[in-house]
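One gets my numbering by counting positions in the sequence shown from 1 and adding 72 to each.
Ideal placement from N, C-alpha and C gives every residue a C-beta, glycine not left out.
These numbers were taken from a predicted model, which means no experiment stands behind them.
The structure appears right after this line, and notes come after that.
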Amino acid sequence: MNLYVPILVLAVLAAGFAVFSVTIAPFTGPKRWNRAKLDSYECGIEPTPQPVGGGRFPLKYMITAMLFIVFDIEIIFLYPWAVAFDALGVFGLVEMVLFIVTVLVAYAYVWRRRGLDWD
Numbered sequence: 073m074n075l076y077v078p079i080l081v082l083a084v085l086a087a088g089f090a091v092f093s094v095t096i097a098p099f100t101g102p103k104r105w106n107r108a109k110l111d112s113y114e115c116g117i118e119p120t121p122q123p124v125g126g127g128r129f130p131l132k133y134m135i136t137a138m139l140f141i142v143f144d145i146e147i148i149f150l151y152p153w154a155v156a157f158d159a160l161g162v163f164g165l166v167e168m169v170l171f172i173v174t175v176l177v178a179y180a181y182v183w184r185r186r187g188l189d190w191d
């Protein structure tokens with residue numbers, strides 16, 4: 073149990089900081105509202121008008137999010153594999169090559185569908 077005490081202390085400190093930040097922010101922040109603060113921000117350009125119902129969301133954002141998730145999962149699997157590479161032997165190498173080929177197929181599909189172009 074002594075091994076988990078630092079982790080529990082860190083979790084309690086993190087949760088306490090989060091709760092403290094959320095509860096104290098409304099009382100300490102400035103309250104000067106103006107039209108510019110209430111407008112949506114689009115990298116310094118004038119905001120484009122949106123329909124009342126919200127309208128359709130561009131598909132490119134979702135493709136980028138899916139790509140991020142695919143490569144994030146790849147890193148999650150590559151790191152433990154690299155740590156235990158000696159113990160896995162040839163079987164681990166073959167499995168990782170198959171996994172990377174699968175990820176590269178997804179990457180090639182998105183590239184061919186022009187999912188990486190922002191124009």
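Of all the options the options, which has the alpha carbon lying nearest to the alpha carbon of residue i?
i      : options                           : result
Val175 : Ile141, Leu82 and Trp153          : Ile141
Ile145 : Phe157, Ala97, Phe171 and Tyr76   : Phe171
Tyr133 : Ala86, Leu188, Met73 and Val77    : Leu188
Phe143 : Val173, Val155, Glu167 and Pro130 : Val173
Give every residue of the same chain whose Cβ lies closer than 7 Å to the Cβ of residue i, excluding the five residues on either side of it in the sequence, and list them in chain order.
i      : result
Phe157 : Gly164
Practice task
May I ask you to verify whether the stretch 177-188 touches the stretch 130-144, counting CB pairs closer than 8 Å and requiring at least 3?
Solution key: yes
Practice task
Report the residue ranges of all alpha helix (DSSP H) runs contained in full by the stretch 104-178; include only those spanning at least 4 residues, in chain order.
Solution key: 107-110 and 131-155
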